[in-house]
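Using this note's numbering, read the sequence shown as starting at 436 and increasing by one per residue.
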Amino acid sequence: MKRDDIEVVAVNDPFIPPDYMVYQLKYDSAQGRYDGKVETDGKNLIVDGKKIIINQERDPSNIPWDKQGAVYVAECTGIFVEKDKADAHIKGGAKKVIISAPSKSAPMFCMNVNTDELDVKENIISNASCTTNCLAPISKVLNDSFGIECGLMTTVHAVTATQNTVDGPHRKDWRSGRGAFSNIIPASTGAAKAIGSVIKELNGKLNGMCFRVPTVCGSVVDLTAVLKKDATYEEVCAAMKKAAEGSLKGILGYTDEKLVSCDILGDSRSSIFDAGAGMMMGKRLVKVISWYDNEWGYSCRLLDLIAFTAKKDGLLK
């Protein structure tokens, strides 16, 4: 709501009434209170005096996006993540759909990593995942500067809504059924493999896993890679800092301070390289550490991708 390049004209949520929407936007356990005024007239969400039309449709094709002035739709339900399902928004009148999750069928993009490859003919695209958005910038810097032979990634990730708050059955993974705030839980992630879709040269060269830890928000990526060229850790840090101040400014950050996960909350960047936390063994085995606010940082990139798409379409200068 604070950006001048994007206007929110409508939302859709079939499960909660307008007054509950006000409550959920006003108060957030991870991000704190909304810095503004949120209210409703019973039909519209009113944020800082701006009316936002409320839709409550289970079927996206029934939402009259075009009549409501929506050109780009952010598909954030986690349900319509494939092109055939997300196409329902197009049938409802949206010009393009940006999916806020990894997709097997829609092309995935991470800002300033592969957005130069975005074809204006694509009407359904994916912003990948929060972890891929953290991993992609540091992978790009390493690969562009030294080459990556292969690598393994671990993300130490905050609790997400797919986990159980207390022990109970889980439809996909037994360990994910254990209490989220009582355990460190190993889990799978496709974030590292997805890098191959974002950086074609790294296809099949990275893999990884996840540890879900009992924190509300704030996560960190640990990438251990074998480089193609000899390097020192100082050279790796210098390459990261150069990119953070140049081609990846606003997306990749650089810090030499002794940060912990709470210090990342509210940071709009996708990936904050921690110079003091990484290391090297020999001249080619490197471990790099990068922090990310898995909620706010990702949300900012989603909006950036929408704005970037609008510029490609000639609708935004």
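Beta carbons: idealized from backbone N, C-alpha and C, even for Gly.
So the candidates are the options; which of them puts its Cα closest to the Cα of residue i?
i: P621; options: V633, L460, C645, K635; result: C645
i: A660; options: S654, G612, R719; result: R719
i: M543; options: S703, I634, A742, G586; result: I634
i: C672; options: G711, D454, K663; result: G711
i: M436; options: D463, K486, D476; result: K486
i: F743; options: K693, G467, C545; result: C545
i: V750; options: K461, R468, A505; result: Reading off the sequence, residue 750 comes out as Leu, not Val. Of the listed residues, the one whose Cα sits closest to L750 is A505.
i: Y668; options: S580, K693, D748; result: S580
i: K472; options: G701, V651, V457, N599; result: V457
i: I560; options: T589, K530, M588, L577; result: K530
i: N490; options: D483, G484, V508; result: V508
i: G639; options: L587, N479, T597; result: L587
i: A745; options: L641, L658, N558; result: N558
i: G467; options: G701, R736, D440; result: G701
i: C652; options: D665, I699, A627; result: I699
i: T567; options: I525, R736, P499; result: R736
i: D385; options: N578, D739, G717; result: Since the first residue of the chain shown is 436 and the last is 752, residue 385 is not available in this structure.
i: F450; options: I481, A626, R493; result: R493
i: S623; options: G603, V591, K752; result: V591
i: M716; options: K752, L662, S703; result: L662
i: K684; options: Q503, K628, V548, G625; result: V548
i: A666; options: L577, V482, A521, D463; result: L577
i: D501; options: V516, A521, G484, V444; result: V444
i: A615; options: A627, T597, S632; result: T597
Quick check on the burial criterion: 16 or more other C-beta atoms within 10 angstroms. Buried or exposed for residue i?
i: N497; result: exposed
i: K575; result: buried
i: M714; result: exposed
i: G688; result: buried
i: D728; result: buried
i: C697; result: exposed
i: D691; result: exposed
i: G643; result: buried
i: E442; result: exposed
i: I630; result: buried
i: I514; result: exposed
i: D519; result: exposed
i: I488; result: buried
i: V695; result: exposed
i: Q459; result: exposed
i: G816; result: In the structure as shown, the chain starts at 436 and stops at 752, and residue 816 therefore has no counterpart that could be examined.
i: S617; result: exposed
If I'm right that residue i touches residue j with Cβ under 8 Å, what's the distance once you round it to whole angstroms?
i: A523; j: P495; result: 4 Å
i: V723; j: F708; result: 7 Å
i: T475; j: D448; result: At roughly 12 Å, the Cβ-Cβ gap does not stay under 8 Å, so T475 and D448 are not in contact.
i: L637; j: I583; result: 6 Å
i: A593; j: S535; result: In fact, because the Cβ distance is near 17 Å, the residues do not count as touching under 8 Å.
i: G732; j: C511; result: At roughly 15 Å, the Cβ-Cβ gap does not stay under 8 Å, so G732 and C511 are not in contact.
i: P572; j: S705; result: 6 Å
i: T589; j: D657; result: 5 Å
i: C569; j: S682; result: The Cβ separation is near 17 Å, so there is no contact.
i: V648; j: I619; result: 5 Å
i: Y469; j: K461; result: 5 Å
i: I525; j: N562; result: About 17 Å separates the two Cβ atoms, so there is no contact after all.
With DSSP run on the structure shown, which of helix, strand or coil describes residue i?
i: T512; result: coil
i: S561; result: strand
i: D519; result: helix
i: R647; result: strand
i: C585; result: strand
i: P499; result: coil
i: I619; result: coil
i: S580; result: helix
i: K478; result: coil
i: A660; result: strand
i: M436; result: coil
i: W410; result: No answer is possible for residue 410: the residues shown for the chain start at 436 and end at 752.
i: L720; result: strand
i: F708; result: strand
i: L751; result: coil
i: G688; result: strand
i: M543; result: strand
i: N638; result: coil
i: T667; result: coil
i: T567; result: helix
i: A626; result: helix
i: Y462; result: coil
i: Y590; result: The residue you asked about is not Tyr; residue 590 is Thr in the sequence shown. In this structure, T590 counts as strand in the three-state DSSP scheme.
Does the count of Cβ pairs from the stretch 667-681 and the stretch 526-543 closer than 8 Å reach three?
no
Touch test, the stretch 549-556 against the stretch 608-624, Cβ-Cβ under 8 Å, three pairs minimum:
no
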